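Since the structure comes first, as structure tokens, the remarks are kept for the end.
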Amino acid sequence: MIKLCTIFLIVIALESAGQKTPAVSTNNKGIPAKALDSLSYDILFNTIRMIKVAEDPKKGPDFFMHDLKETNENGQPGYTAPYSVGGFNAIVRKEATSWGTGTTRWVWEADITSLSQGLTPDQLEKLDIKTDSLLKLLKYKEGKTVNMVESVHSRYYSFVKQPVVSIVLTFYKPVYNSKAAASDSLLAIYKPILLNPAFARAAASKLWGAYKVEDFTEPEVLPIFQNLVSELAPQKIESVYEILMAVPAGTDHKNSMELIKPLTPSQKEAVRALAQKVVDDYYEKQRKQFQGDPVVNQVQKKKELSGQSDCKGIPENMKFKFRTGLTMQHYNYGQTRIAVVTSFDCSMQKVHLIQYGSKDKTPIINITLTFTEFTNWERCPKQYYRCSHCAGEGGGLITAYDTKVKELPFGYFSGIETKVSRTTSRTYWEACKYCTGSGWELLPDKAPYN
Ligand SMILES: [Zn+2]
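Quick note on the working numbering: the sequence shown kicks off at -6 and runs consecutively.
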């Protein structure tokens, strides 16, 4: 804690002096301490608060397990963190449970900035290095057992759409429920989602991962999924098919074979028919790609002819490009950009194109080109079509239920029930997995231009 005292002294010195840059001080390693700006203060202050939570035996998982915020692809749940830095996203994620040692590994992930704040990737990288050096000053009870901190460091996620710098603090708490309670809680969350075939595959894959997080072995998870399959089959056979697609097949398709065991012969036949339809659709798409769909061709040709009268200056062989709704592509230095023509103006000699974004519908590409620039664009062999799985909605609202069993502190009561169960629900938007929320699917062109 000596190092922390130094930091706080700097902060106090800063405040009383009323100036932004303090006199150069040194920490106990003799390294000159840099001026502590408000972001650095915010980072250290909140990380220390979270370290205190991690080390405090009186603060169990119920301290940060209030609101389930998200579940990642691995099925790891993330809860709204008690502390965050500067109003950015912060979650406490359950990483893994070990029933053998009675520990659960948790990670506090607190974003400290993102590319959307106007910083360049280079500046983000520098901030990551600076943050990491600040975090190295911290002292904590280091270890891999309950109420101990495994590590704290800075992380720069550069490969995502919105690169972000975060603080990552890994710590351990005792397991807070029984294996059976963990399973009940997971099923309560996932069952309603699994009933919707559009989301069932992603949900089943997350649920499989979530059981891994809870330290269930494959032989333990399989019977649970078998029950799930036999329960869902009479209600939504499409969901059963999606679950079968999501679960790792296992050696020699062992898992898949186990999962279809509880199905009745007619249910098995229904699943087989669904699988057959996917194969048929695939070959039908292939056929259309080569032969074209006569009806679609007619409709598209008609569309191309309308709205062209005031665009006299466009050469005859280029006219096909000037049609709203046409998906175009452009190669540049090995990169392909794909975008849809939304409008064009012949008097201004401008074309406007967008590439559909996801949930919030913000286009990924949103550009206006001159006709000259547009000559480098060509018709894309794939075209955007309204997603057939979500009818172009991009997703739907889902209500999930979470039942938590809380137990009063041991030893304070006797002869009375010390467990309290609480069910919470939340409704959230789940993106359609086929179009990742955009409502549009990029499919082989149904009407190749001749
Ligand atoms: Zn969709």
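Glycine included, every Cβ here is placed at the ideal spot set by N, Cα and C.
All figures in this text were calculated on a predicted structure; none of them were measured in a lab.
query, result
"Which of helix, strand or coil DSSP assigns to D49", "coil"
"Test item, CB below 5 Å from any non-hydrogen atom of ligand 1", "C380, H382, C383, C425, Y427, C428"
"The region 135 to 142 in contact with the region 115 to 124 per 3-pair CB rule at 8 Å", "no"
"Pick from K184, T257, C339 that is closest to T392, judged by C-alpha positions", "K184"
"Sub-8 Å separation of H382 and A191 beta-carbons", "yes"
"Cα-Cα separation, G300 to T355", "Residue placement at G300 is flagged as unreliable, the pLDDT there being 43, under the threshold of 50; the coordinate-derived value follows with that caveat. One C-alpha to the other measures close to 27 Å."
"Rounded straight-line distance, which links the Cα of L237 to that of T335", "40 Å"
"Helix, strand or coil at Q322 [DSSP, three-state]", "strand"
"Bridge-paired residues (DSSP) for I391", "Y421"
"Close-in-space but distant-in-sequence residues of the same chain around P75 (CB under 6 Å, 5 per side omitted)", "F57"
"Rounded separation between L179 and T210 - CA only", "15 Å"
"Beta bridge counterpart(s) of E66 as assigned by DSSP", "Its beta-bridge partners do not exist; DSSP assigns none."
"Cβ neighbour criterion (16 or more within 10 Å) applied to Q376", "buried"
"Enclosing alpha helix (DSSP H) for I196 [first to last residue]", "For clarity, residue 196 is Ala in the given sequence; the question names Ile instead. Where A196 is concerned, the enclosing alpha helix (DSSP H) stretches over 190 to 206."
"Start and end residues, alpha helix (DSSP H) containing Q219", "211 to 225"
"Alpha-carbon spacing of G243 relative to W201, whole angstroms", "13 Å"
"Candidates L362, T329, Y326, of which the one nearest D341 by Cα", "Per the sequence shown, residue 341 should be read as Met rather than Asp. Comparing Cα positions, the closest option is L362."
"Beta-carbon gap between T113 and V158 smaller than 8 Å", "no"
"Extent of the continuous alpha helix (DSSP H) run through L130", "Per DSSP, L130 belongs to no alpha helix (DSSP H) and is neither H nor E."
"Collapsed DSSP secondary structure at F57 in the structure displayed", "coil"
"Integer Cβ distance of I160 from I41, believed to fall under 8 Å", "Actually they are not in contact, since the Cβ atoms of I160 and I41 sit about 11 Å apart, beyond 8 Å."
"Start-to-end residues for the beta strand (DSSP E) that takes in Y183", "First-last for Y183: 172 to 187, but that is the alpha helix (DSSP H), not the beta strand (DSSP E)."
"DSSP three-state assignment for D438, whether helix, strand or coil", "coil"
"Sequence-distant residues of the same chain with beta carbon closer than 6 Å to A47, five excluded per side", "V142, F164"
"Stretch pair the region 421 to 429 + the region 203 to 223: three plus CB contacts closer than 8 Å", "no"
"Limits of the unbroken alpha helix (DSSP H) element including M238", "230 to 239"
"Three-state secondary structure (DSSP) of F364", "helix"
"Beta-carbon proximity list for P241, same chain, < 8 Å, skipping 5 on both sides", "W201, N248"
"Beta carbon of V78 nearer than 8 Å to that of W101", "no"
"Closest Cα partner of I358 within the set Q348, A268, F367, T365", "Q348"
"Simplified DSSP state of F315, which is helix, strand or coil", "coil"
"Residues that DSSP places opposite S147 in a beta bridge", "I160"
"Cutoff 6 Å; reference S198; Cβ partners in own chain excluding five residues on either side", "A239"
"Span of the alpha helix (DSSP H) around S91", "Counting along the chain, S91 falls outside any alpha helix (DSSP H), though it belongs to the beta strand (DSSP E) covering 83 to 91."
"Buried or exposed (CB count within 10 angstroms, at least 16 for buried), V333", "buried"
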